[in-house]
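**Student:** Protein chains in written order, with the working numbering: chain C, 1 to 170; chain Y, 171 to 340.
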DNA sequence: TTGAGATTGACAGCATACTGACAATCTTTG
DNA sequence: CAAAGATTGTCAGTATGCTGTCAATCTCAA
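1) Using a Cβ-Cβ cut-off of 9 Å, state whether residue 197 of chain Y counts as contacting chain C.
2) What are the residues of the stretch 112–131 of chain C that lie near chain Y, defined by any Cβ-Cβ distance shorter than 9 Å?
3) Among the residues of its own chain, which have a CB less than 7 Å from the CB of residue 70 of chain C, if the five just before and after it don't count?
4) How would you label residue 337 of chain Y, buried or exposed, when you count the other beta carbons within 10 angstroms and need 16 or more for buried?
5) If you follow the beta strand (DSSP E) that residue 103 of chain C is part of, which residue opens it and which one closes it?
6) Starting from residue 260 of chain Y and walking both ways along the beta strand (DSSP E), at which residues does that stretch end?
7) With contact counted as at least three CB pairs below 8 Å, one residue from each stretch, are the stretch 106–120 of chain C and the stretch 50–62 of chain C in contact?
8) Cβ of residue 43 of chain C less than 9 Å from any chain Y Cβ?
9) Would you identify the three-state DSSP class for residue 181 of chain Y, choosing helix, strand or coil?
10) To the nearest angstrom, how far is it from the Cα of residue 185 of chain Y to the Cα of residue 146 of chain C?
11) If you draw a straight line from the alpha carbon of residue 87 of chain C to that of residue 73 of chain C, how long is it in whole angstroms?
12) Per DSSP, what kind of secondary structure is residue 331 of chain Y in: helix, strand or coil?
13) Taking the alpha carbon of residue 175 of chain C as the reference point, which residue from C:43, C:94 and C:33 has its own alpha carbon closest?
14) Within 9 Å (strictly less), CB to CB, does residue 158 of chain C reach chain Y?
15) Quick one: does residue 210 of chain Y have its CB under 9 Å from some CB of chain C?
16) So with Cβ pairs under 9 Å, would you call residue 52 of chain C a contact of chain Y?
17) Taking just the CA atoms, how far does residue 306 of chain Y sit from residue 138 of chain C?
18) For the alpha helix (DSSP H) containing residue 136 of chain C, name the first residue and the last one.
19) By how many angstroms is the C-alpha of residue 40 of chain C removed from the C-alpha of residue 78 of chain C?
20) Thinking just about the alpha-carbon of each residue, which of Y:302, Y:277, Y:297 and Y:200 is nearest to the one in residue 253 of chain Y?
21) Is it right to say residue 98 of chain C is buried, meaning 16 or more other beta carbons lie within 10 angstroms of its own, or is it exposed?
22) From residue 180 of chain Y to residue 314 of chain Y, what does the alpha carbon distance come to, in whole angstroms?
23) Which residues in chain Y have a C-beta closer than 7 Å to the C-beta of residue 134 of chain C? List them in chain order.
24) In whole angstroms, give me the CA-to-CA distance for residue 340 of chain Y and residue 273 of chain Y.
25) Measure the C-alpha to C-alpha separation of residue 148 of chain C and residue 194 of chain Y and round it to an integer number of angstroms.
26) Against chain C, does residue 216 of chain Y count as a neighbour if the rule is that its beta carbon must be under 9 Å from one of theirs?
27) Mind checking the stretch 5–19 of chain C against chain Y and listing, in chain order, the residues whose C-beta falls within less than 9 Å of any C-beta there?
28) Name the one or two DSSP bridge partners that residue 59 of chain C has.
29) Give the interface partners of residue 31 of chain C over in chain Y, defined as CB-CB distance under 7 Å, in chain order.
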C-alpha cells in the first residue's frame with residue numbers, strides 16, 4: 001500500500017497553508033492600522049510600546065521587550081524613534097547604572113489618548129468581513145493558539161516580567 | 171446616558187486585540203518554520219517564491235510579486251538572494267527588454283523537493299496545540315477573512331496575474 | 001571580598017516589508 | 001509615426017524582526 005501521496009508542489013498548496021495565511025493576515029492588519037492611524041505618526045509596534053510604558057511606568061527596555069514579545073535589539077530602535085518624537089523619556093536608574101527607565105512624556109500620554117479611537121476602528125475593521133459570531137470564534141481560537149504556542153516563539157511573551165521593576169518579588 | 175466607556179489604556183487590551191494576535195501568530199509561525207527548516211538555507215518568503223516559480227516557470231518579477239502578495243521592492247532582494255544561492259536563474263525576455271524571466275535551476279528544484287517534508291512538519295506544528303476540529307475551524311475562518319480583506323492589504327494578492335505571461339488573455 | 005557568571009543596552013549583520021522615485025522600455029492614441 | 005502614458009526592474013529611505021557579540025555593570029557564591 002502506497003503511503004499518503006505528498007502534496008503537489010504548487011502555489012495553491014501555499015495559499016491554504018497556515019503559515020501563509022498568518023503572514024497575509026498580519027500584512028493586512030498592519031495595512032489597516034496604518035490607514036486608520038495615518039493622522040498620527042505611530043506604527044503598530046510603537047503603539048504597543050507606548051501602551052506598555054503607560055501601563056508600567058519606569059519599566060526598562062529589557063522588561064518592555066518581554067512584555068510585548070519583542071527582541072531587545074528591535075525594541076532598542078523602536079525606543080530611539082519614540083524618544084526622537086518626544087513621546088517617551090529615559091532616566092537612569094539610581095540603583096543600577098546599566099538600566100534606563102522609560103516614561104511617557106506629556107506628548108506621549110496625549111497622543112495615546114487621541115489615537116485610541118483610531119486604533120479601535122482599525123481593530124474592528126480587521127474582523128469586519130466576518131459575521132459577529134465568527135469574529136468571536138476566530139479570536140477565541142487564535143488567542144488559545146498563540147498562548148499555547150508561546151514557547152515556540154523565539155521571543156516568548158513574558159507579561160509577568162513587567163512586575164519585577166517594582167521591587168524584586170521572588 | 172453616558173456612551174460606552176472607552177477601553178482602559180492598558181497592555182491587557184492589546185493582548186486581546188486582533189492586530190496583536192495576528193502579529194504574534196505570524197512571529198510564532200516564522201519561528202517554527204525556521205526551526206523545522208534550519209537544515210535548508212531557506213526563509214518562508216524564499217520558499218514561497220520558489221514554489222511560485224516552480225508553478226509558473228518563466229514568470230517575471232512583477233507578476234511573481236502579485237502571486238505571492240509581495241511588493242516589488244522586497245521581492246527584488248529576495249530574488250537576488252535566491253539567485254546568489256543558485257536556486258533560480260534570470261533570462262532576458264526576447265520580446266520585452268524590460269523583463270527578466272525567472273526559472274528554477276536544478277539546485278532549486280532539488281531543494282524544493284527536499285524541503286517539502288520539513289515545511290509540512292512546520293505547518294502541522296503551528297496548529298498542533300489545537301484539537302483537530304478547532305484547527306479546521308480556525309483555518310476556515312482565517313482563509314475567509316484573508317480573502318475578504320484582500321483589497322485592504324497594501325499589496326493585494328493577484329493570483330490570476332500569473333497567467334498573463336502565457337500570452338496576453340484579455 | 002573577589003572572581004565567575006548573569007544582565008543590560010548597544011551594535012553589526014541579515015532578511016523582510018513598505019513607499020516613493022527613476023530611467024529604460026513598451027503600448028496606446030491621435 | 002510621434003507624443004502621452006503605462007510598465008519594468010532598481011534604488012533610496014524607513015521600520016520591523018531576528019541572531020550574534022560586546023563592554024559595562026551587577027549578583028552570587030566560594
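Here a beta-carbon is modelled for each residue, glycine too, at the ideal position from N, C-alpha and C. Model, not experiment: these values are computed from the prediction.
**Tutor:** Put simply:
1) yes
2) 112, 113, 116, 117, 119, 120, 122, 123, 124, 125, 126, 127, 128, 129 and 130
3) 155
4) In this prediction, residue 337 of chain Y scores a pLDDT of 41, lower than 50, which makes its location untrustworthy; the coordinate-derived value is nonetheless stated afterwards. That one is exposed.
5) Note, residue 103 of chain C: beta strand (DSSP E), 96–104.
6) Taken as a continuous stretch (DSSP letters only), the beta strand (DSSP E) holding residue 260 of chain Y covers 258–263.
7) The stretch 50–62 of chain C and the stretch 106–120 of chain C touch, with three or more beta-carbon pairs separated by less than 8 Å.
8) no
9) helix
10) 10 Å
11) Each residue's Cα considered, the two are about 20 Å apart.
12) helix
13) In the structure as shown, chain C begins at 1 and stops at 170. Residue 175 of chain C is therefore absent and cannot be evaluated.
14) no
15) Proximity of residue 210 of chain Y to chain C, defined by a Cβ-Cβ separation below 9 Å, is not satisfied.
16) With respect to chain Y, the C-beta atom of residue 52 of chain C has a partner C-beta closer than 9 Å.
17) Roughly 11 Å between the two C-alpha positions.
18) 132–148
19) 16 Å
20) Y:277
21) Label assigned to residue 98 of chain C: exposed.
22) 30 Å
23) 311
24) Caution is warranted here: a pLDDT of 25 is assigned to residue 340 of chain Y, below 50, making its placement in the model unreliable, and the coordinate value is therefore given only provisionally. Looking at the two C-alpha atoms, the distance is approximately 25 Å.
25) Distance between the alpha carbons of residue 148 of chain C and residue 194 of chain Y: 12 Å.
26) No, no contact with chain C.
27) Taking 9 Å as the Cβ-Cβ cut-off against chain Y, the residues of the stretch 5–19 of chain C that qualify are 6, 7, 9, 10, 11, 12, 13, 14, 15, 16, 17, 18 and 19.
28) C:102
29) Counting only Cβ-Cβ distances below 7 Å, residue 31 of chain C has contacts in chain Y at 322, 323 and 324, in chain order.
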